[in-house]
Amino acid sequence: MIAAQTALETKMLLRNGEQLLLTIVIPTLLLVLFSAVDVVDVGDLAPGEERVDFLAPGLLALAVLSTAFTGQAIATGFERRYGVLKRLGATPLPRWGLMVAKTGCVLVVELLQIALLTTIAFALGWSPHGNPLAVVLLLVLGTAAFSGLGLLMAGTLRAEATLAAANLVFILLLVCGGVIIPLDKFPGGVEAVLQLTPIAALSDGLRDVLRDGSSMPWADAGILAAWSVLGLAAAARFFRWE
Numbered sequence: 014m015i016a017a018q019t020a021l022e023t024k025m026l027l028r029n030g031e032q033l034l035l036t037i038v039i040p041t042l043l044l045v046l047f048s049a050v051d052v053v054d055v056g057d058l059a060p061g062e063e064r065v066d067f068l069a070p071g072l073l074a075l076a077v078l079s080t081a082f083t084g085q086a087i088a089t090g091f092e093r094r095y096g097v098l099k100r101l102g103a104t105p106l107p108r109w110g111l112m113v114a115k116t117g118c119v120l121v122v123e124l125l126q127i128a129l130l131t132t133i134a135f136a137l138g139w140s141p142h143g144n145p146l147a148v149v150l151l152l153v154l155g156t157a158a159f160s161g162l163g164l165l166m167a168g169t170l171r172a173e174a175t176l177a178a179a180n181l182v183f184i185l186l187l188v189c190g191g192v193i194i195p196l197d198k199f200p201g202g203v204e205a206v207l208q209l210t211p212i213a214a215l216s217d218g219l220r221d222v223l224r225d226g227s228s229m230p231w232a233d234a235g236i237l238a239a240w241s242v243l244g245l246a247a248a249a250r251f252f253r254w255e
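Taken in order, the sequence shown gives residues 14 to 255; the numbers are from my numbering.
Now the structure itself:
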């Protein structure tokens, strides 16, 4: 039942043009545009380093944000409004099974996003380094953190409020989360606060591994783990099915 629901959730998402724009088109366009055109100051680059080496890790983090948080929050919020969650909760599929299916859908879409973005990044001259297992761990922690926050928003706010808030958070974190603009471009006090956000921890952690060759950025992983625990615990406690 969980596998069938996961497949259904994935098909519904991939057939939704707005969701595809958010999860696939925007990260891809940003990667190509800002790698090819010197529009955004990405900071000092080492000799032989390309703009894509800075941008690719941040846009992988943005892909996780767009799917696990923004897309999931909006879709779940409207399912809750229209009574879909209430009806699914009354089927033989247990409620925890529905949440597992939604998580499975997020992971499938993320795999597609990562495959597409890495292929394009390699074509643009990306030269990643570091431990692949560290990358996987950071992506899993980021997915857990954003999923918890997305479900918390979808399960507590009205659908229209979720739509507005999720899109606003997406734009703010895109600009201020270290995705395409280095955090050291912000004032010191602001930078210190932004470093504690999950998107900054994920983008900086991926950049430490894939750009600088770090074995494991434990500080960033710790921030993501803390957000994961808080977000998922709050979602489990306050999520309302109707």
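Cβ atoms here follow ideal geometry from the backbone N, Cα and C, with glycine treated the same way. Given the structure is predicted, the values throughout are model-derived calculations rather than measurements.
- If you draw a 10 Å sphere on the C-beta of Ile-184, you find fewer than 16 other C-beta atoms in it, and that means exposed.
- Annotation for Val-182: Phe-82 and Thr-83 place their beta carbon closer than 8 Å to its own, counting only its chain and skipping 5 residues before and after.
- Ser-241 is positioned such that its CB atom lies no closer than 8 Å to that of Ala-167.
- Along the length of the region 80 to 150, whole alpha helix (DSSP H) runs at least 4 residues long occupy 85 to 94, 97 to 102 and 108 to 136, reported in chain order.
- DSSP places Pro-200 in the coil class of the three-state scheme, outside both helix and strand.
- Take the alpha-carbon of Gly-218 and the one of Ala-234: they are about 7 Å apart.
- In the structure shown, the three-state DSSP call for Asn-29 is coil.
- Approximately 19 Å separates the beta-carbon atoms of Leu-186 and Ala-248; this is outside 8 Å, ruling out the contact.
- Taking 8 Å as the upper bound for CB-CB distance, Gly-244 and Ser-216 are not in contact here, some 18 Å apart.
- Rounded to the nearest angstrom, the gap between the Cα atoms of Thr-19 and Thr-132 is 26 Å.
- Between Asp-225 and Trp-139, the beta carbon gap of about 14 Å keeps them out of contact (Cβ cut-off 8 Å).
- Under the criterion of beta carbons closer than 8 Å, Trp-254 and Lys-99 qualify as touching, at roughly 6 Å.
- DSSP assignment within the region 167 to 202 yields the following whole alpha helix (DSSP H) runs of 4 residues or more, N-terminal first: 172 to 189.
- Per the C-alpha coordinates, the member of Cys-189, Pro-230, Glu-31 and Leu-33 positioned closest to Val-53 is Cys-189.
- In this structure, Gln-126 sits away from Pro-211, with a CB-CB distance that is not shorter than 8 Å.
- The beta carbon of Met-112 sits closer than 8 Å to the beta carbons of Leu-164 from its chain, once the five residues preceding and following it are set aside; these are given in chain order.
- Straight-line spacing of the CA atoms in Phe-47 and Val-55 works out to 9 Å.
- Short of 8 Å from the beta carbon of Gly-96, and not among the five residues preceding or following it, lie these beta carbons of its own chain, in chain order: Glu-255.
- Looking only at Pro-70, Leu-137 and Glu-204, the smallest Cα-Cα distance to Ile-193 is reached by Pro-70.
- Counting of Cβ neighbours within 10 angstroms places Ala-246 among the exposed residues, the total staying below 16.
- Burial state of Leu-146 is exposed, judged by a 10 Å Cβ sphere holding fewer than 16 other Cβ atoms.
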